[in-house]
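**Q**
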Amino acid sequence: MKTFTYAKANDAETAVRDAHVSGAKFIAGGTNLLDLMKLQVETPEKLVDISRLPLGEIEEREDGGLTIGALVPNSDLAADPRVIAKYEVLSRALLAGASGQLRNKATTGGNLLQRTRCYYFYDTATACNKREPGAGCSAVGGFNRVLAVLGTSDHCIATHPGDMPVAMRALDATIITLKADGDKRRISIHDFYRLPGDTPNIETVLEPGELITHAELPAPPKGRQTYRKVRDRASYAFALVSVAGVVSVEDGRIASAALAFGGLGPMPWRNAAVEAALVGKAPSDAVFNAAADILLADARGYGSNDFKIPLTRRVLIATLRDLTGE
Amino acid sequence: MNEMTMDRAYRPARLARAQQNVLGAPVPRIEGPAKVSGTATYAYEGAEAGTAYAAIVGAPVGSGRVTAIDTAAAEALPGVIAVIHGDPRMVTGGSNSQGIAHSGTDRVFHYGQPVAIVVAEDQAIARDAAALVVVHAAPGADRFDRNAQPVERDHDLGFLPAIDIGDLDVALAAAPVVVDRSYTTPVHFPAALEPHASTVSWADGKLLVRTSNQVIGGARGTIAKALGLAKEDVRVLAPYVGGGFGGKTGVGPEVILAAIAAEKVGRPVKIALPRAQTAYLVHHRSATTQRVRIGATEDGRITAFAHEGVAAQNDDASFLEPIPFGSLPLYAGEARRFRTDLVRVDLPATGAVRAPGEAIGTFAVECAMDELAERLGLDPVELRRRNEPEVDPVNGKRFSTRRLLDCYDEGARRFGWADRRKGREGDWLIGHGMAAALRGNFTVMAEARVTLGADGRATVETDMTDIGTGTYTILAQTAGEMLGLAVADVAVRIGDSDLPASAGSGGSFGAGSACSAVVLACEDIIAALALRMNASPEELTLHDGCVVAGGRSVALADLLHGEPIVATGKTGPGTETQATSQASHGAHFVEVAVNAITGEVRVRRMLGVFDVGRVLNAKTAANQLIGGMVWGLSYALGEEAVVDTRNGHFINPDFGEYHVAVHADVPRIEVHFIEEIDDSANPVGAKGVGELGISGAGAAVANAIHDACGVRVRDFPVTLDKLLAGLPPL
């Protein structure tokens, strides 16, 4: 671990000012950042500890939605009665992630920014464009079992590793931030993450020093919700593929559908065309297969992750059967 | 000294009619409260003032030579005390169970090989500085891809010679039914939770090493040899060890480098390997390819049996995974062939990990047996019953004790094997599988000292280790049983190389050997007590701290008159050992569910019945077997250390991506014993337990998966991608 300076912030305005210097990082639960610092994958010169900011509440708004403080622990969010009752997909996604100990510590804001589990990102002796821009990508041509099949570039095939953000994408969450200059920003989660392109080191639209203060969920969606995560062991493993689904059926036809995917892309993946292919149709395997065709049209395997493509089709169809069945 | 080598079957009269009834009882671990309350001091905990911290610098290439080491940037880092390299005593690898690796060479045998050590004021600085050391190297031709290397059939590695009995080719050609299958297993890490850690300090030319090690007597010799010291000048302490799994049988290079560093800086030095570095500095189990050929008659009698494999080793180490070791005596069959061939690689050393040979050898053989049963239309239990040998089919020796048939029968009965039904529950396909377990039994020279104190309490002393197995407790139980004392009245001192030499913890021989030495020591104490009672030892009864003879009952303390009795016992292998074929046995029964959509596998229950000789502690023995079965599940479904063949790195050297089973993977596990005391094994009559549970367990899981979904996976681990294509269409 590299030596760093440490500042403890008591209010958000001070935090963003303190962090508005090169090499600064916010730290809250530290469940991802500290591990990466020990491996020198992350080498911040300064840590701004935001764990004491008053961002630990979940509030219900007049429009029926929820505003979730950035410091709400994963375990608390998963266990919140309003989340369990109205945003089941989110509760399920949270509980599918990590382990009990980690969920107690990990925060909502931090989890949105969890970094990839690409093996080569972790091995500082290998080339990684995400870790060291311009160095090259060892995952292409290497072992890539857990890596992405959608949205990749020649420069990076890393996956976003999260579960919670996948559910939030299905729920059309909005991320609220505070910028260093004191301005607040509302960013749709659909605009929050960036594709790797030739700058895989830049993963979100956040500016330096910009702090996530809240995540907003709109009023609860209609229909059934589920989160199906497929992984290599029963717990404490990242998704090979996961599906967050919110689907309503009216008069025998799919009235609305929101489907987001983990384990497939560099960001929680959502494709409006997949949903458009479902809405208005009577549920059937043919319709589901057509949706899978659209989702996977541009999918590209890199060898050891080829299996994700047929696996995703099967998981999507099974999930849609569950969400639309009697 | 009461010394007894196993030159005849022997059961101590005292154990045959002991009255304390503590040996074998499910006594909770006596050191358990210290461990769970955090007061048990592990190797990296506690430090005297002035202790410095070290980190190892690894070679940046996987082959070739180191040409120069630039330490300037590291030395300039505040808090760095020294950067040390080039000392001719520095070793390139671990002692690896078999001998000391080359030392004092600049040849690189594998990526990450230790080339320098950094000493600093704290751990973070040491590791930071290690990353600043620039190692210049000239890479050579590399052999990172084991599958691309030539197979060497003539080699002198390993302890298991090739065996060829009868004419296998003729027997196979004549057999009406032949199964001929190939299997592969990947690299397995030992994966002890406590990483390798040591605290070393010098005083008056003598070296003290507090370390995490399974066999400290051996460690002492290895360290002394590496540093050019007399054995007496090295003391090794390992009172608590956070898991070994074979990876702590030898001495890692970091211990030697830390000792050199401590000498140079004149301060005690602590070192713990970061998790990723354990992949390079600790040996692993070789990946293997295996071919099994079984020829049988239509009614399932095996006439030809061949188990041949290929394992890897680097140029620096001498171990070789004894792939067919567990198959040798398992089944009858006149024509037999067993061999392990070698490929040389430029990867970290391979070594003994969790039942070397048996764990992965039984995967191939027991899956092949399942295929044979399927071909014959025979129940897999019945196939095994029909091929139970009367004597060791390799050497004709009589079995000391062998209750494998009882394990099959009892296991099948308890599991409900005859009533098993495969089927589908929702999205889950249900299947069942079984496999035999066998692990060779070893008796190793071991010595223990027992002191019956003036207060009537006893102390057991030996340089054994307790790597989470229950050694403390069973030593106390053994002495308690012999001397008629409650467990609480027996103190146990182990984990100190100054104590009488034991076999250490490895090869499943620790418990039987060490407890036997205690038995023999106690026999001498009983003889001394008998003299004081004017009785023969046979006339004495000992229980609850009293000696009874001739109608007289005397408290031990009163009999001792302030003078303790000290006795030493020593056991070891002998002619009876040579004359018999000895092994622990068992049978595994497993139920799995395979998800019909995704191929995810969930083990729903596991049941094992085991023949382990005398059970020394029903709780800790079952605990070890359950642990072994969990490892079986683990390597069947998840464990795979992946080598990047472009550079010789392991790409998943951490618990995030090297998938050992987690709690959610582990179902209800039942363990039962068929207990027959083995008088040929050792004086206490116990056979090995530690490595038996894993043997066959993975095969039983794979067989159950096949039963559930019809897919035979012959390449471990059985990950869902290998099942997908064979799953029912949606």
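Taken in sequence, the protein lines are chains A and B. So in the working numbering, spot 228 of the first sequence is number 248, and the numbers just go up one at a time. So in the working numbering, spot 348 of the second sequence is number 1730, and the numbers just go up one at a time. Every residue, glycine too, gets a C-beta built ideally from N, C-alpha and C. Since this is a predicted model, take the numbers as computed values, not measurements.
1) Which chain A residues sit within Cβ distance under 8 angstroms of B/His2031?
2) Which residue or residues does DSSP assign as beta-bridge partners of B/Met1388?
3) Would you please state the rounded distance, in angstroms, between the beta carbons of A/Asp69 and A/Ile47? I believe it to be under 8 angstroms.
4) Count the other CB atoms within 10 Å of the CB of B/Thr1671; is the residue buried (16 or more) or exposed (fewer)?
5) Tell me the rounded alpha-carbon separation between A/Ile207 and A/Asp201.
6) At a Cβ cut of 8 angstroms, what residues of the stretch 1600-1633 of chain B count as close to chain A, listed as they run along the chain?
7) Rounding to the nearest angstrom, what Cα-Cα distance links B/Ala1741 and B/Ser2077 in this structure?
8) What in chain B is Cβ-close to A/Ala310, meaning under 8 angstroms?
9) Going along chain A, which residues have a C-beta under 7 angstroms from B/Ile1979?
10) May I ask you to report which of helix, strand or coil DSSP gives B/Ser1479?
11) Which residues in the same chain have their Cβ closer than 7 angstroms to the Cβ of A/Phe24, if we skip the five residues on either side of it in sequence?
12) Can you name the residues of chain B whose CB is closer than 7 angstroms to the CB of A/Ala306?
13) Taking 8 angstroms as the cut-off, decide whether the C-beta atoms of B/Gly1715 and B/Thr1685 are in contact.
14) Within 8 angstroms (strictly less), CB to CB, does A/Gly117 reach chain B?
15) Could you list the residues in the stretch 1650-1676 of chain B with a C-beta less than 8 angstroms from some C-beta on chain A, going in chain order?
16) Have a look at B/Ala1573 and B/Phe1627 and give me their C-alpha separation to the nearest angstrom.
17) Got a sec: which bits of the stretch 1423-1444 of chain B sit with their beta carbon under 8 angstroms from any beta carbon on chain A, in order along the chain?
18) Using a beta-carbon distance cut-off of less than 8 angstroms, what residues from the stretch 2017-2044 of chain B approach chain A?
19) At a cut of 8 angstroms, does the stretch 1389-1409 of chain B reach the stretch 1447-1457 of chain B through at least three beta carbon pairs?
20) Hey, could you find the ends of the beta strand (DSSP E) B/Asn1777 is sitting in?
21) Can a CB atom of chain B be found closer than 8 angstroms to the CB of A/Asp252?
22) Can you grab the Cα-Cα spacing for the pair A/Gly283 / A/Val263, in whole Å?
23) Using a beta-carbon distance cut-off of less than 9 angstroms, what residues from the stretch 37-52 of chain A approach chain B?
24) Mark B/Thr1844 as exposed unless 16 or more other C-beta atoms lie within 10 angstroms of its C-beta, in which case mark it buried.
25) What residue from B/Thr1853, B/Tyr1565, B/Val1473 has the CA that sits closest to B/Asn2081's CA?
26) From the DSSP output, read off the bridge partner residues of B/His1689.
27) Pick out the complete alpha helix (DSSP H) segments inside the stretch 1841-1881 of chain B, 4 residues or longer, and give them in chain order.
28) Got a sec: is the Cβ-Cβ distance from B/Pro1973 to anything in chain A below 8 angstroms?
29) State the start and end residues of the unbroken beta strand (DSSP E) segment that holds B/Lys1630.
30) Along the stretch 60-79 of chain A, where does the CB come closer than 9 angstroms to a CB of chain B? Name the residues.
31) Of all the options A/Leu331, A/Gly171, A/Asp211, which has the alpha carbon lying nearest to the alpha carbon of B/Asn1977?
32) Looking only at C-alpha atoms, which of B/Asp1878, B/Lys1804, B/Ser2062, B/Ala2046 sits nearest to B/Ile2087?
33) Taking DSSP as the reference, what is the three-state secondary structure of B/Asp1801?
34) List the residues of chain A whose Cβ lies closer than 7 angstroms to the Cβ of B/Glu1982, in chain order.
35) With a CB to CB cut of under 6 angstroms and the five nearest residues on each side skipped, what residues in its chain are close to B/Thr2101?
36) Would you mind reading off the limits of the beta strand (DSSP E) that contains A/Pro185?
**A** Taking the coordinates as given:
1) Asp143, Ala145, Thr146
2) B/Pro1955
3) 5 angstroms
4) buried
5) 17 angstroms
6) none
7) 5 angstroms
8) By Cβ distance, chain B contributes nothing, its closest Cβ being about 14 angstroms from A/Ala310, past 8 angstroms.
9) Arg334, Val335, Ala338
10) With a pLDDT of 42 at B/Ser1479, under the threshold of 50, the modelled position of that residue is not reliable, and no figure is offered here.
11) Pro64, Glu65, Lys66, Leu67
12) None at all; the shortest Cβ gap to chain B is about 12 angstroms.
13) yes
14) no
15) Pro1656, Ala1658
16) 7 angstroms
17) Pro1442
18) Leu2019, Gly2020, Val2024, Asp2026, Arg2028, Asn2029, His2031, Ile2033, Asn2034, Asp2036, Gly2038, Glu2039, His2041, Ala2043, Val2044
19) no
20) Here B/Asn1777 belongs to no beta strand (DSSP E), and DSSP marks it neither H nor E.
21) yes
22) 9 angstroms
23) none
24) buried
25) Correcting the residue identity first, residue 2081 of chain B is Ala in this sequence and not Asn. Taking only the C-alpha atoms, the option nearest B/Ala2081 is B/Tyr1565.
26) B/Val1674, B/Phe1720
27) 1853-1865
28) Looking at the sequence itself, residue 1973 of chain B is Glu, so the reference to Pro does not match. No, B/Glu1973 lies away from the interface with chain A (no Cβ there is under 8 angstroms from its Cβ).
29) Looking at the DSSP string, B/Lys1630 is not in any beta strand (DSSP E), and its letter there is neither H nor E.
30) Gln60
31) A/Leu331
32) B/Lys1804
33) helix
34) Val250
35) none
36) Careful: A/Pro185 lies outside any beta strand (DSSP E), inside the alpha helix (DSSP H) at 184-190.
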